[in-house]
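Below is one structure, written out as structure tokens; comments come after it.
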Amino acid sequence: MATTSSPDTIVAAATPPGRGGVSIVRISGTKAPDIARALLGRLPPPRVATFSRWREAADAETDGEGGHDLSVERKDAAKDRAGEIIDSGIALYFPAPHSFTGEHVLELQGHGGVIVEALIERIVQLGARRARAGEFSERAFLNDKIDLAQAEAIADLIDAGSQATARAAMRSLQGEFSQRVRATRDALTQLRVYVEAAIDFPEEEIDFLGSQELRERVDYVRELLDDVLNAARRGALLTRGMTVVIAGRPNAGKSTLLNALAGFDAAIVTSVPGTTRDLLRQKVDVRGVPVEFIDTAGLREATDDAIEAEGMRRAREVLRQADHVLYVVDAAADPDARGYEEERTALPVDVPVTLVMNKCDLDEAAVSEGSPQAAAPSRIRISAATGAGLGALRAHLAAAAGHTEGAGGSFSARVRHVEALQRAAAQLAIACRQLAARQGELAAFELRAAQASLGEVIGDVGSDELLGHIFSSFCIGK
Ligand SMILES: Nc1nc2c(ncn2[C@@H]2O[C@H](COP(=O)(O)OP(=O)(O)OP(=O)(O)O)[C@@H](O)[C@H]2O)c(=O)[nH]1
Ligand SMILES: [Mg+2]
465 MATTSSPDTI
475 VAAATPPGRG
485 GVSIVRISGT
495 KAPDIARALL
505 GRLPPPRVAT
515 FSRWREAADA
525 ETDGEGGHDL
535 SVERKDAAKD
545 RAGEIIDSGI
555 ALYFPAPHSF
565 TGEHVLELQG
575 HGGVIVEALI
585 ERIVQLGARR
595 ARAGEFSERA
605 FLNDKIDLAQ
615 AEAIADLIDA
625 GSQATARAAM
635 RSLQGEFSQR
645 VRATRDALTQ
655 LRVYVEAAID
665 FPEEEIDFLG
675 SQELRERVDY
685 VRELLDDVLN
695 AARRGALLTR
705 GMTVVIAGRP
715 NAGKSTLLNA
725 LAGFDAAIVT
735 SVPGTTRDLL
745 RQKVDVRGVP
755 VEFIDTAGLR
765 EATDDAIEAE
775 GMRRAREVLR
785 QADHVLYVVD
795 AAADPDARGY
805 EEERTALPVD
815 VPVTLVMNKC
825 DLDEAAVSEG
835 SPQAAAPSRI
845 RISAATGAGL
855 GALRAHLAAA
865 AGHTEGAGGS
875 FSARVRHVEA
885 LQRAAAQLAI
895 ACRQLAARQG
905 ELAAFELRAA
915 QASLGEVIGD
925 VGSDELLGHI
935 FSSFCIGK
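Numbering (the numbering used here), first residue to last: 465 to 942.
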């Protein structure tokens, strides 16, 4: 991995633009100390908050030449012709390598507003250039301060749309996700070493490739990989939010449920079956998880109504894009959920379905209570009309999105991570088949490929193109 620092010194506002009490300008690179001397008149002591005034160029000073350690005699003279004050505030200096980027970093905490731009312009005059999006994080990554998954977690933390998403991103930033990927990769490395040793000693009496120990090692790696893949899948869902489609027979109470979850009358509800024709989307914060609910037209066998038929077609289409399906059943009219059994084969196989037994106010059986999480029920009893059981349904959905309250919660992940982990799992599966067929050399090759796939997640191997793509989606100043 590259550890050389970039030749350019970069500058950007780390706080959002506009009016504000305080704003922070950050400078990173080899010229940061020189810029501090020119702008502040001196280099602040490391890691000590130092009040200072930041000045325009003095009349006699030439642009871009700032940063000479002024001798004592010249200091007074310089003060006399010192430029006008741009702003004043707290300066913090972090010498390399003990800084966020691993380079010399100067942070200036001044006033917010238009003044920030004047300050940045002055710093550019002194030899810095404006940072590109994500460039500070990219340098932190290139200087081994954080790995790639952690760098991505910074962007996810900044973009987080809910508290749960932010907490998950924070866990990834702290390295929880990376550690699990690393542990899996280490176990895989040991497996590889074992297989390669077995290849190197083919004359040995013992059949290493068919040994119990090897099988145990393979199972162990597979377990670790499955766990981290499932966690990453949930994390990716939490990071980008979840799409939940509400489907079921006409009149089951789908639109009533959408309204109850949204907290207002988003959809039309009537006692006439076939009320909803089009898709209706509504974003709702479910226990901190951003969820988009989609209400659909009731599904039934046949209809003469062309509009209803089109509504059903759209419902079936959107079901395929769902992260989760709530299949609503009128529990009073269909207590055995026969409607669901009939529809079951038409539902997409890889999308989890929760059976929502609605209208339980008309039924004797009790509604669901508490907050089921890990061992989530696939069947929940509610009354969309009275709101009974909705708490349990919300908790169930939040858990399905990977958000569990309390310790050991989920971490943020991206589709890129899920794909790399899936690739590793597929390569491991191929290697297993080859080991069973005593094809040691081929298996060793696949294991190496699986190891590389895991490395991609944390950035141990990654093309410049991939890095450029990832960091350009960050915001400027981070
Ligand atoms: N008693 C009772 N009635 C309900 C409940 N939920 C919905 N209803 C009633 O059932 C009827 C149908 O409700 P909708 O929400 O329009 O049903 P839908 O599934 O959206 O129906 P379509 O759009 O026609 O497919 C309305 O008269 C609702 O008031 C419930 O929990 N209890
Ligand atoms: Mg409806």
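Backbone N, C-alpha and C define an ideal beta-carbon position, used for all residues, glycine too.
Where does residue i land, buried or exposed, given buried means 16+ other C-beta within 10 angstroms?
{"i": "residue 694", "result": "exposed"}
{"i": "residue 600", "result": "buried"}
{"i": "residue 928", "result": "exposed"}
{"i": "residue 676", "result": "exposed"}
{"i": "residue 826", "result": "exposed"}
{"i": "residue 562", "result": "exposed"}
{"i": "residue 770", "result": "exposed"}
{"i": "residue 553", "result": "buried"}
{"i": "residue 812", "result": "exposed"}
{"i": "residue 728", "result": "exposed"}
{"i": "residue 922", "result": "buried"}
{"i": "residue 732", "result": "exposed"}
{"i": "residue 839", "result": "Unreliable positioning characterises residue 839 in this predicted model, as indicated by a pLDDT of 41, which lies under 50. A coordinate reading is not provided."}
{"i": "residue 754", "result": "buried"}
{"i": "residue 530", "result": "Low confidence applies here, because residue 530 scores a pLDDT of 43, under 50, leaving its location unreliable; read the following figure in that light. That one is buried."}
{"i": "residue 524", "result": "Confidence at residue 524 is low in this model, with a pLDDT of 49, below 50, so its placement is unreliable and the value that follows should be read with caution. Residue 524 should be labelled exposed."}
{"i": "residue 541", "result": "For residue 541, the predicted structure reports a pLDDT of 49, less than 50, and the residue's modelled location is therefore unreliable. The matter cannot be settled from this model."}
{"i": "residue 679", "result": "exposed"}
{"i": "residue 787", "result": "buried"}
{"i": "residue 484", "result": "exposed"}
{"i": "residue 747", "result": "exposed"}
Hey, is residue i close to ligand 1, as in C-beta under 6 angstroms from one of its heavy atoms?
{"i": "residue 725", "result": "no"}
{"i": "residue 695", "result": "no"}
{"i": "residue 636", "result": "no"}
{"i": "residue 932", "result": "no"}
{"i": "residue 851", "result": "no"}
{"i": "residue 767", "result": "no"}
{"i": "residue 720", "result": "yes"}
{"i": "residue 826", "result": "yes"}
{"i": "residue 717", "result": "yes"}
{"i": "residue 901", "result": "no"}
Using a threshold of 6 angstroms, is the CB atom of residue i nearer than that to any non-hydrogen atom of ligand 2?
{"i": "residue 739", "result": "yes"}
{"i": "residue 823", "result": "no"}
{"i": "residue 735", "result": "no"}
{"i": "residue 609", "result": "no"}
{"i": "residue 747", "result": "no"}
{"i": "residue 942", "result": "no"}
For residue i and residue j, I'd like the C-alpha separation in whole angstroms.
{"i": "residue 884", "j": "residue 636", "result": "17 angstroms"}
{"i": "residue 498", "j": "residue 475", "result": "14 angstroms"}
{"i": "residue 804", "j": "residue 791", "result": "7 angstroms"}
{"i": "residue 576", "j": "residue 486", "result": "5 angstroms"}
{"i": "residue 558", "j": "residue 702", "result": "35 angstroms"}
{"i": "residue 720", "j": "residue 860", "result": "19 angstroms"}
{"i": "residue 592", "j": "residue 515", "result": "22 angstroms"}
{"i": "residue 640", "j": "residue 707", "result": "26 angstroms"}
{"i": "residue 654", "j": "residue 910", "result": "14 angstroms"}
{"i": "residue 842", "j": "residue 848", "result": "17 angstroms"}
{"i": "residue 698", "j": "residue 879", "result": "10 angstroms"}
{"i": "residue 481", "j": "residue 855", "result": "40 angstroms"}
{"i": "residue 520", "j": "residue 589", "result": "10 angstroms"}
{"i": "residue 990", "j": "residue 683", "result": "Not covered by the structure: residue 990. The range shown for the chain is 465 to 942."}
{"i": "residue 579", "j": "residue 853", "result": "54 angstroms"}
{"i": "residue 549", "j": "residue 490", "result": "19 angstroms"}
{"i": "residue 793", "j": "residue 875", "result": "34 angstroms"}
{"i": "residue 660", "j": "residue 718", "result": "58 angstroms"}
{"i": "residue 796", "j": "residue 806", "result": "18 angstroms"}
{"i": "residue 745", "j": "residue 846", "result": "21 angstroms"}
{"i": "residue 722", "j": "residue 696", "result": "28 angstroms"}
{"i": "residue 603", "j": "residue 626", "result": "28 angstroms"}
{"i": "residue 471", "j": "residue 566", "result": "13 angstroms"}
{"i": "residue 572", "j": "residue 897", "result": "59 angstroms"}
{"i": "residue 798", "j": "residue 730", "result": "26 angstroms"}
{"i": "residue 931", "j": "residue 763", "result": "46 angstroms"}
{"i": "residue 473", "j": "residue 606", "result": "15 angstroms"}
Based on the DSSP secondary-structure assignment, which residues constitute the bridge partners of residue i?
{"i": "residue 878", "result": "Answer is none; residue 878 lacks a bridge partner."}
{"i": "residue 517", "result": "552"}
{"i": "residue 558", "result": "569"}
{"i": "residue 663", "result": "DSSP lists no partner for residue 663."}
{"i": "residue 710", "result": "759, 790"}
{"i": "residue 822", "result": "794"}
{"i": "residue 744", "result": "759"}
{"i": "residue 575", "result": "486"}
{"i": "residue 815", "result": "Its beta-bridge partners do not exist; DSSP assigns none."}
{"i": "residue 631", "result": "According to DSSP, which records beta bridges pairwise, residue 631 is partnered with nothing at all."}
{"i": "residue 476", "result": "490"}
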